[in-house]
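What follows is one structure encoded as C-alpha cells, with my remarks underneath.
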DNA sequence: CACGGATCCTGATGGC
DNA sequence: TGCCATCAGGATCCGT
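Residue numbers (the working numbering): 1432 to 1702.
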C-alpha cells in the first residue's frame, strides 16, 4: 500500500495529536516482519516527542529511544481517542495519554522496531543504506545522474531499490517515469543528463502532488483518521493497462519487471 | 559486487 | 457456490 506520500500523509494526520503523549501500554498481535526488539512493558511511561519520517519509515521519537514503524504492503495506522475493539489484523496498539495509535496490517509485511537511538544497530540496519529524501533540498539532479550512470539495471528497478532516492514505490515510479518520458525498462546508465534532470523534477512533482491529494487509495489506504486519498484518480499510467494515454491516446501497456507491474505509454516514453 | 528471482502473508478477484 | 490461480502499494535474502 504505502509509498512515501501515503506514509507522509499518515504522519501529518496524527503527529500533532500524539506529540507530548505518555505511553500507557503497548499491545502486540501476531508477529510482524521483525521482532520489536524490547519488552513492550519497557515502553510504558515514555513520552512521544514527535513523529518523523525517513523514506517509508515513520519514526516515533521518544524521550528515550525511538520506534521505527513500517507499513509494508498492507499496513495502515489509525489514531483514536479511545481503544477500539481489536480485529484479527490489528497487530500493534500504543495506548497513550492522548489516544491510541493502532497498526492494522493483514499481510504483516510491516514492522515495529525499537532502537535506543538512530545510530543504534537496530536503527542503522533499517535506515543505514537509504538514499536521499526526494522532497528535501539534498535531492540533487547532478548527484542522481552520477548515481545512475554506473547502474546496469533498468531505471525502474533502481528507483524501487531506494539506494539513490527513497520513497518511490511501484505506483510513483510508474508515474514519474511517464512524466519524464522514460520507459521503465530503459537502462539507468543510458540516461543522459537532460533526461535525468527531467526525471528528478518528475519524481518531486509526482510525490508532492500525491501528498497534496492525500495519497493513493487503491484498495484501503486512509490516513490516521480514516480519510481516503485521491491521487490514484489522476494517475496517468498506473493501473490503466489498455486504456488510452491521457496525453496521446495510445493504449497503456503493462509488463512485468522483478515481480512488479510496470505501466507505460509506448508512444510518450522512450528508451 | 550487482543483478534477478524467490520469499514472507492474507485477501480480493476472475475464470471455470 | 466452490475451487484454483493470479495478483497486490515492500524489502530482504540468496544464488549466479
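Glycine is no exception: its CB is placed at the ideal position from the N, C-alpha and C atoms.
Q) Does DSSP classify residue 1521 as helix, strand or coil? A) Residue 1521: strand per DSSP, three-state reduction.
Kindly indicate which three-state DSSP category residue 1631 falls into: helix, strand or coil?
-> helix
Can you list, in chain order, the residues of its chain whose CB lies under 6 Å from that of residue 1664, leaving out five sequence neighbours each side?
-> none
Check whether residue 1649 and residue 1633 have beta carbons under 7 Å apart = no
Tell me whether residue 1458 sits in a helix, a strand or coil according to DSSP, three-state version. strand
By DSSP's criteria, residue 1585 is part of a beta bridge. Which residues make up the other side? 1618
Leaving out five residues on either side along the sequence, give the residues of the same chain with a beta carbon under 8 Å from the beta carbon of residue 1444. 1510, 1654, 1655, 1656 and 1658
Assuming contact is defined by CB atoms lying nearer than 7 Å, are residue 1608 and residue 1523 in contact in what I supplied? No. Outside cutoff.
What is the residue span of the beta strand (DSSP E) that residue 1492 lies within? Counting along the chain, the beta strand (DSSP E) containing residue 1492 begins and ends at 1488-1493.
- prompt: When we look at the beta-carbon of residue 1550 and count the other beta-carbons within 10 Å, is it buried (16 or more) or exposed?
  reply: exposed
Report task. Specify the secondary structure class of residue 1655 as computed by DSSP and reduced to three states. Result -> coil
*Return the CA-CA distance between residue 1440 and residue 1646, expressed in angstroms with no decimal places.*
7 Å
Next item on the list: Would you kindly work out how many angstroms separate the C-alpha atoms of residue 1526 and residue 1434, rounded to a whole number?
Entry: 26 Å
| task | Given a cut-off of 7 Å, decide if residue 1627 and residue 1694 are closer than it, judged by their beta-carbon atoms. | result | no
_Closer than 8 Å is the cut-off here; do at least three beta carbon pairs connect the stretch 1488-1508 with the stretch 1531-1550?_
yes
*Let me know the secondary structure DSSP gives residue 1482 once reduced to three states.*
strand
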